[in-house]
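Below is one structure, written out as structure tokens; comments come after it.
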Amino acid sequence: MLYDPERRWAPRAICRVEDWRLFFAEGGMPHSTPAAATQALWDQAKEICASCPALMECERDTLGEEYGVWGGRDQHQRALARKALPRKAARWPEEKREAWGKELHRLRQAGVTWPYIRRQTGFPQPVAEKLIKAYEEALASRQRPVAEVVDLPLPAEPAGPYKAPFPPRAGQRHGWVRNGRGMADAYYRGQTPDGRWLFMTHFSGRGNVHKWIRAEDVLLYHPQPVVILTYGGRPDAKPRAREPAA
Ligand code: SF4
Numbered sequence: 102m103l104y105d106p107e108r109r110w111a112p113r114a115i116c117r118v119e120d121w122r123l124f125f126a127e128g129g130m131p132h133s134t135p136a137a138a139t140q141a142l143w144d145q146a147k148e149i150c151a152s153c154p155a156l157m158e159c160e161r162d163t164l165g166e167e168y169g170v171w172g173g174r175d176q177h178q179r180a181l182a183r184k185a186l187p188r189k190a191a192r193w194p195e196e197k198r199e200a201w202g203k204e205l206h207r208l209r210q211a212g213v214t215w216p217y218i219r220r221q222t223g224f225p226q227p228v229a230e231k232l233i234k235a236y237e238e239a240l241a242s243r244q245r246p247v248a249e250v251v252d253l254p255l256p257a258e259p260a261g262p263y264k265a266p267f268p269p270r271a272g273q274r275h276g277w278v279r280n281g282r283g284m285a286d287a288y289y290r291g292q293t294p295d296g297r298w299l300f301m302t303h304f305s306g307r308g309n310v311h312k313w314i315r316a317e318d319v320l321l322y323h324p325q326p327v328v329i330l331t332y333g334g335r336p337d338a339k340p341r342a343r344e345p346a347a
């Protein structure tokens with residue numbers, strides 16, 4: 102597990118029954134050196150942490166905490182660890198970088214803010230963005246089209262200058278499509294080889310609707326494997342999507 106956002110280890114924390122003033126002794130700003138009295142209280146708190154059964158999980162999940170003693174580290178030590186994180190993350194093995202990139206990508210897709218991500222994971226925004234980008238690039242490099250033929254007549258260009266704006270938040274499915282004068286949350290099914298048209302499924306009052314939509318009228322917000330649609334030689338046959346090999 103990369104981290105536990107719900108901190109399910111908290112019931113095992115022994116600091117729950119200790120004097121909280123040891124853990125949150127007044128210590129100034131996270132980057133400043135604390136007074137000797139504060140440091141002495143923190144050292145006592147760290148001794149308690151050393152015998153805590155949740156130490157490893159607590160240390161893993163509290164890097165982003167600004168104040169006090171968590172996971173055997175005081176705020177000053179955590180601030181230094183956060184500072185060192187970009188250099189450390191650059192040396193991680195590829196799988197670990199990708200796993201973190203995937204997790205951070207998922208959080209952003211769910212609408213989680215950068216400050217909250219930083220508090221939960223310790224990653225400042227620029228580092229998190231780099232990991233997400235590396236994950237998206239790795240994903241894109243694994244996606245290859247497997248077929249080349251599309252010969253169904255495509256719909257005429259839609260008329261009218263009206264363009265509804267895409268919603269600012271992700272929906273439940275793969276992306277938004279402009280649907281007449283409105284917007285629908287739709288599944289991506291595939292596309293033409295030139296990428297100008299996407300085949301999408303959305304729901305209407307009369308059930309599922311499958312449609313070719315111009316690429317500019319689609320906003321995909323989850324990276325999708327590129328699927329080129331083929332028609333088995335019959336121009337009126339139903340499109341058949343083939344997933345690319347992993
Ligand atoms: S490691 Fe320290 S701060 Fe973390 S739960 Fe245990 S006692 Fe509390």
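Numbering of the sequence shown is given in the working numbering, commencing with residue 102 and proceeding in unit increments.
Beta carbons: idealized from backbone N, C-alpha and C, even for Gly.
Looking only at its chain, what residues have a beta carbon closer than 7 Å to the beta carbon of residue 204, apart from the 5 residues adjacent to it on each side?
Indexing the sequence shown from 1 puts residue 204 at position 103. Cβ within range, chain order: 103.
So what does residue 288 bridge to, in DSSP terms?
Translated into the one-based positions of the sequence shown, residue 288 becomes position 187. DSSP output for residue 288 lists 302 as bridge partner(s).
Which same chain residues, not among the five before or five after residue 265, have their C-beta less than 7 Å away from its C-beta?
As a working mapping, residue 265 is identified with position 164 in the sequence shown. So the qualifying residues of the chain are 279, 282, 283 and 284.
Given this structure, state the Cα-to-Cα distance separating residue 321 from residue 110, to the nearest angstrom.
Working through the sequence shown from its first residue, we reach residue 321 at position 220. Working through the sequence shown from its first residue, we reach residue 110 at position 9. Taking the straight line joining both Cα atoms gives about 37 Å.
Beta strand (DSSP E) containing residue 115: first to last residue?
As a first step, residue 115 is located in the sequence shown; it is residue number 14 there, counting from the start. Note, residue 115: premise wrong, no beta strand (DSSP E); not H, not E.
Residue environment, residue 165, which counts as buried when at least 16 other CB atoms sit within 10 Å:
Position 64 of the sequence shown holds residue 165. Looking at its Cβ environment, which holds 16 or more other Cβ atoms inside 10 Å, residue 165 is buried.
The ligand SF4 heavy atom lying under 6 Å from the CB of residue 114
Residue numbering aside, residue 114 sits at position 13 when the sequence shown is read from its first letter. Yes, the beta carbon of residue 114 sits closer than 6 Å to at least one heavy atom of the ligand SF4.
Straight-line gap, residue 288 to residue 209 (C-alpha atoms, nearest Å):
Residue numbering aside, residue 288 sits at position 187 when the sequence shown is read from its first letter. Residue numbering aside, residue 209 sits at position 108 when the sequence shown is read from its first letter. Residue 288 and residue 209: Cα-Cα distance of roughly 20 Å.
Which residue spans inside the region 122–182 form an unbroken alpha helix (DSSP H) run of at least 4?
137–151 and 156–162
At a cut-off of 6 Å, is residue 151 close to the ligand SF4 when judged by its beta-carbon and the heavy atoms of the ligand?
For the purposes of this step, residue 151 is taken as the residue at position 50 of the sequence shown. Outside the cutoff, so no.
Evaluate contact between the region 293–300 and the region 166–185, counting only Cβ atoms and requiring at least three cross-stretch pairs below 8 Å.
no
Which of helix, strand or coil DSSP assigns to residue 228:
Translated into positions along the sequence shown, residue 228 becomes position 127. Correct three-state label for residue 228: helix.
Kindly indicate which three-state DSSP category residue 275 falls into: helix, strand or coil?
Position 174 of the sequence shown holds residue 275. The answer is coil: DSSP assigns residue 275 none of H, G, I, E or B.
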